[in-house]
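**Student:** The opening residue of the sequence shown carries number 1 in our numbering; numbering runs sequentially from there.
First the structure, then my questions, so here it is.
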Amino acid sequence: MGLFDRFRRKPRPGVLRTASNQDTSHLEQWTRSRQGVEAYVEPKTTVTETTVVLVAHDGEWTRRRVASPDAARSFARKLGMPIYDAGIVGYPKRMRDYTARQKKLGNG
1 MGLFDRFRRK
11 PRPGVLRTAS
21 NQDTSHLEQW
31 TRSRQGVEAY
41 VEPKTTVTET
51 TVVLVAHDGE
61 WTRRRVASPD
71 AARSFARKLG
81 MPIYDAGIVG
91 YPKRMRDYTA
101 RQKKLGNG
């Protein structure tokens, strides 16, 4: 390998990971173990696939990949929770408050 070979190499494109059964299983278990859960769909970007953020009544949250926005809506409907488009309505204040509390406690 020459001194400048690494600069001439074309960058390898990133590999986007798609939603898995483990993602869906995590979301289901998380939802069933908390109260007042709402879903927020995040659109696909150049870096990540479509994701869904679940937010509980106290602001605790989790994020996982989903196959598509339609899959997220189907998931929310199946579990009887409201679903919102995060790009339109944003995230709830309780989620930001929870994250701030966790940072103060040194957990985030």
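Yeah, the Cβ is synthetic: ideal placement off N, Cα and C, and Gly gets one too.
As the structure is a computational prediction, the values presented were derived from the model and not from experiment.
#1: Could you work out which residue in Lys93, Trp61, Arg94 and Val52 is closest to Ser74 when comparing CA atoms only?
#2: Kindly indicate the opening and closing residues of the alpha helix (DSSP H) around Val52.
#3: I need the straight-line Cα distance from Lys93 to Ala86, nearest angstrom please.
#4: Could you check which residue in Val55, Leu105 and His26 has the C-alpha nearest to that of Gly90?
#5: For Lys44 and Tyr84, what's the separation of their Cα atoms in angstroms?
#6: Go through its chain and collect everything with a Cβ distance to Trp30's Cβ below 7 Å, but skip five positions before and after it.
#7: Which of helix, strand or coil does DSSP assign to Asp23?
#8: Counting along the chain, where does the beta strand (DSSP E) carrying Val66 start and finish?
#9: Would Gly59 and Tyr98 qualify as a contact pair, given that the criterion is a beta-carbon distance under 7 Å?
#10: Is it right to say Pro11 is buried, meaning 16 or more other beta carbons lie within 10 angstroms of its own, or is it exposed?
**Tutor:** Taking the geometry as given:
#1: Val52
#2: Premise fails: Val52 lies in the beta strand (DSSP E), Thr51 to Val55, not in any alpha helix (DSSP H).
#3: 13 Å
#4: Val55
#5: 15 Å
#6: Leu54 and Thr62
#7: helix
#8: That residue, Val66, is in no beta strand (DSSP E); it is neither H nor E in DSSP.
#9: yes
#10: Caution applies to Pro11, whose pLDDT of 49 falls short of 50 and renders its modelled position unreliable; the model cannot decide the point.
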